[in-house]
Amino acid sequence: MTNNVLLNGNFDLWQRGTEFNDPPHFTPTADRFVFGQSSGAAKFKISRSADVPNLQSQSSIEFSVIASHSPLPGDEAHIRYSIEGREAVLAVAGKVVTFSFWAKSNLPGIYSITLVHPSASRTVEQTLALDYTILQSGAWEKKTITVDLSTVVGGWSYVTGTYGLKIRFAFYAGANYKVSPGSWVVGNYVASNNNVNLASAVGNYLRISQLKLEVGSDATPFMPVDITTELRRCQRYCFILGHPISIDSLGVTGYAGAAGETAYSTIPYPVSMARLPTISMAGAFATVNVVGTPTWTPGYSSALLKIAAAGAGRMAARSDKSVVIFDAEL
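For the sequence shown, the residue numbers in our numbering are -12 to 317.
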């Protein structure tokens, strides 16, 4: 068992890829961690790094600058983790909690985490900015931050399939997205007023490892989780079928009496998903007697794959050295 509320805090799981160059706003990266940049000319690369603080980890997450920029008032960039509504209520609502993690950067200074919390009615958002300081250039440093979540105003949202608490690590932010640290403020903010501009120079980087959120005022030692268990929990938000170079596949077959008749296949998910997933495919279907492209209809626990016959006779479609991504990230 783990007392870490956060999934993939050891950054072992990267189902969607291990490097993201200049990703657009709302790009899932490492499992459960989403890059956000609603505005700004700075460009970042998010990648899996083998640089780690100790033997408890094999990977960290790295944010590096590939195009520098001084933020305008409406600019911001961050990485976020969203705790699902009911999970947030059951795990942390009204409790004293402690964040612990290792951080490393070539740019010493004050950085910040922001917590964004919706009211029970989901009509108002509040933000709490929390500062931490990187003291040395190029050295791993352990950070701990304790927060009393009983200070939240407006109740907690039990809604599943959407967030109950967002946790953001800020890279840079303009005045419209900055707030004074230490107190809940109505609004959706990204960074504290003290946050450094990581994007001040190309090559600047920030690495995070062994991220943990636990109930209580003490930071207990980070303990890695069995990778199979962690993957199954993360598959509520993303899972992948197939393989780009192997014969792993999924498909559907049937017999048509005439052109236009259809055949279906139900593809079960390993776990029920947090919301209706988007389904994308890297690669193509190999087809026989099929008109057009096979289509998907997603559900919460399975998806329907449908093909239509080009003519009478056997029809079939099979994913051929392809990857199908079912994504329900928050």
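In this text, a Cβ means the ideal position worked out from N, Cα and C, and glycines have one as well. If you're wondering where the values come from, they're calculated on a predicted model, not measured in any experiment.
- DSSP lists Gly241 as the beta-bridge partner residues of Met302.
- With a cutoff of 8 Å on beta-carbon distance, Asn41 and Pro211 are scored as not near each other.
- Ranking Gln197, Ala299 and Tyr119 by CA distance to the CA of Ala178 puts Tyr119 first.
- Below 8 Å, enough C-beta pairs join the region 83 to 99 and the region 176 to 196 to call them touching: three or more.
- By the C-beta criterion, the region 228 to 241 is judged to be in contact with the region 292 to 308, since at least 3 inter-stretch pairs fall below 8 Å.
- Annotation: Glu201 to Val79 spans about 8 Å, alpha carbon to alpha carbon.
- Closest by C-alpha distance to Ser106, out of Ala250, Val140 and Lys91, is Val140.
- Tyr159 places its beta carbon less than 8 Å from that of Ala64.
- Here Ile214 has Asp(-1) and Leu0 as same chain residues with Cβ atoms under 8 Å from its own Cβ, once five neighbours each way along the sequence are excluded.
- Judged by DSSP in its simplified three-state form, Asn8 adopts strand.
- The region 223 to 235 and the region 303 to 317 touch, with three or more beta-carbon pairs separated by less than 8 Å.
- Under the rule that a run must span 4 or more residues, the alpha helix (DSSP H) segments found entirely inside the region 24 to 110 read 72 to 79.
- Taking the C-beta atoms as reference points, Asp9 is found nearer than 8 Å to Ile53.
- Counting the other Cβ atoms within 10 Å of the Cβ of Glu6 gives fewer than 16, which makes it exposed.
- At least 8 Å separates the beta-carbon of Leu77 from that of Ile154.
- Thr149 and Tyr68 have their C-alpha atoms some 12 Å from each other.
- Secondary structure note for Leu218: it is in no beta strand (DSSP E), and the uninterrupted alpha helix (DSSP H) holding it is Ile214 to Cys221.
- Counting along the chain, Arg155 sits inside the beta strand (DSSP E) bounded by residues Tyr150 to Ala160.
- Comparing alpha carbon positions, the residue from Ser25, Ser57, Ser36 and Trp143 closest to Glu74 is Trp143.
- In this model, Thr249 and Ala273 are separated by some 17 Å (Cα to Cα).
- Around Ala304, the same chain offers Gly238, Val239, Phe272, Thr274, Val277, Pro281 and Ile294 as residues with beta carbons nearer than 6 Å, after the five sequence neighbours per side are excluded.
- Of the candidates Arg262, Val166 and Asp314, Arg262 places its Cα closest to the Cα of Gly72.
- Residue environment analysis places Gly203 among the exposed positions, since fewer than 16 neighbouring C-beta atoms fall within 10 angstroms of its C-beta.
- For Asp18, there is no enclosing beta strand (DSSP E), as DSSP gives it neither H nor E.
- When the beta-carbon positions are compared, Ala243 and Ala315 stay at least 8 Å from each other.
- Between Gln24 and Ala299, the alpha-carbon positions lie close to 51 Å from each other.
- When beta bridges are read from the DSSP output, Leu317 appears opposite no residue.
- In this structure Gly174 touches Glu112 by the C-beta definition: roughly 7 Å separates them, less than 8 Å.
- For Met268, the enclosing beta strand (DSSP E) begins and ends at Thr265 to Val275.
- The Cβ atoms of Ile266 and Phe313 lie closer than 8 Å to each other.
- If you draw a straight line from the Cα of Tyr256 to the Cα of Pro58, it comes to about 42 Å.
- If you look at Gly229, you'll find it in the beta strand (DSSP E) that goes Cys225 to Gly229.
- When only Cα atoms are considered, Arg223 and Gln197 end up about 21 Å apart.
- Pro168 is bridged by DSSP to nothing; it lacks a bridge partner.
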